[in-house]
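So the sequence shown is numbered by numbering that gives the first Met the number 0: it starts at 0 and just counts up by one. Only one structure is covered here, and it is reproduced in the block below.
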Amino acid sequence: MGRRKLEMKRIENKNSRQVTFSKRRLGLNNKARQLSVLCDVDVAVVVFSSSGNLYEYCSGSTERSAIVLYYIQYHIFFLAFASVCCHVRSKQ
């Protein structure tokens, strides 16, 4: 027997929503760990709950701060590159 497709909508019952959040957060961390191991990549997952709690996962060999710093540097580079591309296109 296969799984049925879930309708993507907010779970109204607070307790059910919390249970679903906890299970899916653990599942997401498990998938991130698998991706890290299978593909030999650095993975970081940051999740904020509806109550504002922070949950995080970082692949084993890398410090969390190193991944966050890499992301920030990449994001700044990407924004600068996109800005230059847009500027060049607007002149044409």
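Glycine residues also receive a C-beta, built at the ideal position from the N, C-alpha and C atoms.
Nearest candidate by alpha-carbon position, reference residue 20, set 77, 53, 39, 68: Looking up residue 20 in the sequence shown gives position 21. Answer by Cα proximity: 53.
Can you name the start and end residues of the beta strand (DSSP E) that residue 53 belongs to? Your numbering for residue 53 matches position 54 in the sequence shown. That run of the beta strand (DSSP E) goes 53-57.
Restricting to Cα atoms, I'd like to know which of 38, 77, 45, 50 is closest to residue 57. Taking the sequence shown and counting its residues from 1, the one referred to as residue 57 is at position 58. Among 38, 77, 45, 50, the Cα nearest to that of residue 57 belongs to 45.
Backbone secondary structure at residue 18 - three-state DSSP: Taking the first residue of the sequence shown as position 1, residue 18 is located at position 19. Helix at residue 18.
Classify residue 44 as helix, strand or coil using the three-state DSSP reduction. Numbered from its first residue, the sequence shown carries residue 44 at position 45. Residue 44 falls in the strand class under three-state DSSP.
Would you call the region 0-8 in contact with the region 20-31, where contact means no fewer than 3 C-beta pairs closer than 8 Å? no
By Cβ distance below 8 Å, which residues in the same chain neighbour residue 77 in space, the five residues on each side in sequence not counted? As a working mapping, residue 77 is identified with position 78 in the sequence shown. Excluding sequence neighbours, residue 77 sits near nothing in its chain.
Cutoff 7 Å; reference residue 10; Cβ partners in own chain excluding five residues on either side: By one-based count along the sequence shown, residue 10 stands at place 11. Within the same chain, residue 10 has close Cβ partners 16, 19.
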